[in-house]
């Protein structure tokens, strides 16, 4: 980065700039407040909603503990008990643990990276509303006695039994699928934000560790959540239409669900744990008042854990009768993951030893949490050993283990984060006295509640029993656990009181009360613009090492100190060295995100109750809302090509292809989509491995129709490449013709794809083979239909003059979609047509 | 012709060694899972399958060593010590080299861990 002369502004110019910025980033008032898309609001709402869900799930846990306090208790009926523990687990995992990290990330990341906003603020808003609607839907079910009641991992055949599980399983499957959409949206937002929107000069060796962790976690979401979505599709098809994916009598296998669930479920534990430890990686240096010791080692730990966590899923399935050598692979990987996990703890200890430690409430929660987590980690090493797991599986030992890991590794660090970051929200600190009381209540309560569960588990108490006989020797452990649970809950209540108590009599404090070194502390709670001007970063701890930084930022002496065209803007920089490459205009306040989320929510709710017409209407509404959103808010052609961003630098306002954030968004979304597809194909081959003849004598789709589909889709893809070339050469006529030809070919491909299973009549309810063939064909054809919508969209953009040779972002992104789609189509119809013949 | 690739500037080199670990893990798991389900259908024995997987393990370890060597080169063969926090391209490169080297080490150990069952378990269901 070359040094440039910093110019001084006249007071009038300075105030004019501030007025502009304030107007552009203004938070709407009245009911329109809820249409805001600014990261500070979305982050706060997200966090508040997740925290509310947590309190609700905590109350359910207290009900569970009351029921188990004494033997042969009848406080709850068996059915309500089943609903309570299922909802407790589900809500804690899906509505608190994962979303709270999205909330913290959306709130903190822009200022931490020195950006005004993340690249897709409306996507964040859409994600939040999807999450809120889905969450209320899932939680509300218990008030109608309709909550899921088969445990948070929904094992078939119990959960596919309609008589037992009622509508609860559908609420779980559809409600959570909807929330997974929100998580994947957040992942796209975070990856592109961290890679492309850092402040100039913030090279990857200088990124805050929080950003490193979040980058890895977002990548993990992309590969962990889609298998669950694929599993949800199979599960819902079985429940709605009786397609026998998990029904052993008709060739299905309940184990496939366990695989798909845990391919999601185990990485999820680390998706929950890593962001919490990321908060610790920000807190520890502040209270040691020195840079972290072993920055690269933390990167090693984050990346290493991210990868290894995908090789652990079968350790939840040690008792399902898989070959022992398979179990041993997963046992080995489960032991290996302890290495990077341990590295992080040692890095924190080393940093504290090397610095001068300031004891404070955040450190108390952080240290207490790590102590608890270490115990959970050690019992984890125990249950990762197959023979021990055979004894402990499905007992309270596992319940104790998972709560030690999750509460120590996630809840305590999050509370530490609340105490640490609260001044960013309100410019005031939370109470030290209440914080200490809360900590000691939570810490002792937690251990009193959960430590005895190791012992009751070793004495054979199974999970999920609603009561137990008196003479079996579990009574004291359970009574103690219940007492501990209430002490713990009292601690949580103190935290809640501390957060919500009125603080207007408390004076506002200076920014950065803990004297932290990282950039998130430059943000001003009173202003919505994020940073007054985007600084040039030269250190991992810029506030410590760059004297005058704060004053220069506030005086607007850096990049983008104004808002010339009345647009919200932030900088796009290069991945490795953070050189500025583009001035990005991001979406502003809009109600479209809420409309899109509500109508998509309508689709899922209507599906639950089998209201087909309402489903269709909501789906069309969703499509209309999304297309309006894209048409009015994306790929806009700027009035001028370049923008003076200050300090003598001028940047383009429009980029397309790999240069643009939209292209990256599409790439990352499709990576997730491909993972879901790969999971479906895993299902296809899974059925092949478990049967001698996986077609069981049923007719297949034949060879001709699937291969015709492959040919048509490949032709359609080639014509799309021609369309892109014609557009680059500024020949709009041939480009439009190519788009139309390609759309026709795609229609043909879709019809040929469905013709195979339709004309060789394959009835998906008779056996799993026709069912899995239909699912793969339908998945591919639905993607073909989306491809057609995209082609027509590009056509319309071109006709409307919103796309040209220079401004070709739409077409570039659609061609990228086609690259992924053509691979899907070749694999799907190639396998469906040829595999039964060659196997 | 050069034996080793030139230095590339990319974020993705960081992930080479863990990706090799993942591929090796998947190969071991898939091969064994399919063999044990289809036992008897193939015309090779479990011992031969284990031998093949051990060879794959050696290949994977070799790949990781290569990635480690490239990382070591990028780290200037250990010429500078961390923390590599200066705002320069050189320090960014050194940081990438060092972090990649660490990840190669972890991946090497993790591949060895996963290979242990191949050595000691002689049948699908002993």
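Residue numbers (the working numbering), protein chains in the order written: chain F, 5 to 843; chain V, 1228 to 1353. In this text, a Cβ means the ideal position worked out from N, Cα and C, and glycines have one as well.
When CB distances to chain V are screened at a threshold of 9 Å, the residues of the stretch 199–213 of chain F falling below it are 199, 205, 206, 207, 208, 209 and 210, in chain order.
Taking 4 residues as the minimum length, the alpha helix (DSSP H) runs contained wholly in the stretch 233–314 of chain F are 258–292 and 299–312, in order along the chain. Of all alpha-carbon atoms in 530/F, 525/F and 237/F, the one lying nearest the alpha-carbon of residue 545/F is that of 525/F.
Residue-level contact by beta carbon fails for residue 265/F and chain V, as no gap is shorter than 8 Å.
Here DSSP, grouped into helix, strand and coil, assigns residue 739/F to helix. Annotation for residue 709/F: 756, 759 and 760 place their beta carbon closer than 6 Å to its own, counting only its chain and skipping 5 residues before and after. The alpha helix (DSSP H) runs lying completely inside the stretch 750–823 of chain F and spanning 4 residues or more are 772–803, given in chain order.
At least one CB of chain F lies nearer than 8 Å to the CB of residue 1241/V. Between residue 417/F and residue 280/F, the CB-CB gap stays under 8 Å. Listed by position along chain F, the residues whose Cβ is nearer than 7 Å to that of residue 1248/V are 311. When only Cα atoms are considered, residue 558/F and residue 122/F end up about 20 Å apart. Residues of the stretch 322–346 of chain F with a Cβ closer than 7 Å to any Cβ of chain V, in chain order: 327, 328, 329, 330, 332, 333, 336, 337, 339, 340, 343 and 344. From the beta-carbon of residue 314/F, the residues of chain V found nearer than 9 Å are 1249 and 1252. Residue 775/F places its beta carbon 8 Å or farther from that of residue 265/F. Fewer than three Cβ pairs drawn from the stretch 1317–1324 of chain V and the stretch 313–321 of chain F lie within less than 8 Å of each other, which leaves the two stretches out of contact.
When rounded, the separation of the alpha-carbon atoms in residue 502/F and residue 494/F is 12 Å. Interface annotation, residue 1233/V: not in contact with chain F, CB-CB separation never under 8 Å.
Only residues of its own chain outside the window of five on either side were considered, and among them 349 and 412 have a CB closer than 8 Å to the CB of residue 378/F, listed in chain order. Rounded to the nearest whole angstrom, the C-alpha separation of residue 612/F and residue 176/F is 9 Å. Neighbours of residue 1352/V in chain F, taken as residues at a C-beta separation under 7 Å, are given in chain order as 327 and 328. From the listed residues 18/F, 70/F, 144/F and 810/F, the smallest Cα separation to residue 482/F is found for 70/F. In the DSSP assignment, residue 586/F forms a beta bridge with 576/F.
Around the beta carbon of residue 572/F, a 10 Å sphere encloses 16 or more other beta carbons of the protein chains shown; the residue is thus reported as buried. Sequence-distant partners of residue 61/F (beyond 5 residues in either direction) whose C-beta falls short of 6 Å from its own C-beta, in its chain, are 92, 95 and 96. Taken in chain order, the complete alpha helix (DSSP H) segments of 4 or more residues contained in the stretch 99–155 of chain F are 102–116 and 125–144.
As for any alpha helix (DSSP H) of minimum length 4 sitting wholly inside the stretch 1258–1312 of chain V, the runs are 1273–1301, ordered along the chain. Under the 10 Å beta carbon count, residue 519/F is surrounded by fewer than 16 other beta carbons and is classified as exposed. Closer than 8 Å to the CB of residue 1236/V there is at least one CB belonging to chain F. Excluding its 5 nearest sequence neighbours in each direction, residue 134/F has C-beta neighbours in its own chain below 8 Å: 182, 183, 185, 186, 189, 601, 604 and 605, listed in chain order.
Pairing residue 292/F with residue 355/F gives a Cβ-Cβ distance under 8 Å. Beta-bridge analysis with DSSP links residue 648/F to 654/F. Sequence-distant Cβ neighbours of residue 268/F in its own chain, meaning closer than 7 Å and more than five residues away, are 228, 229, 231 and 232. Chain-ordered, the chain F residues with CB closer than 8 Å to the CB of residue 1264/V read 693 and 694. Here residue 466/F is bridged, per DSSP, to 399/F. Among the CB atoms of chain F, none fall inside 8 Å of the CB of residue 1308/V. Using a 10 angstroms sphere on the CB of residue 824/F, the tally of other CB atoms reaches 16 or more, which defines it as buried.
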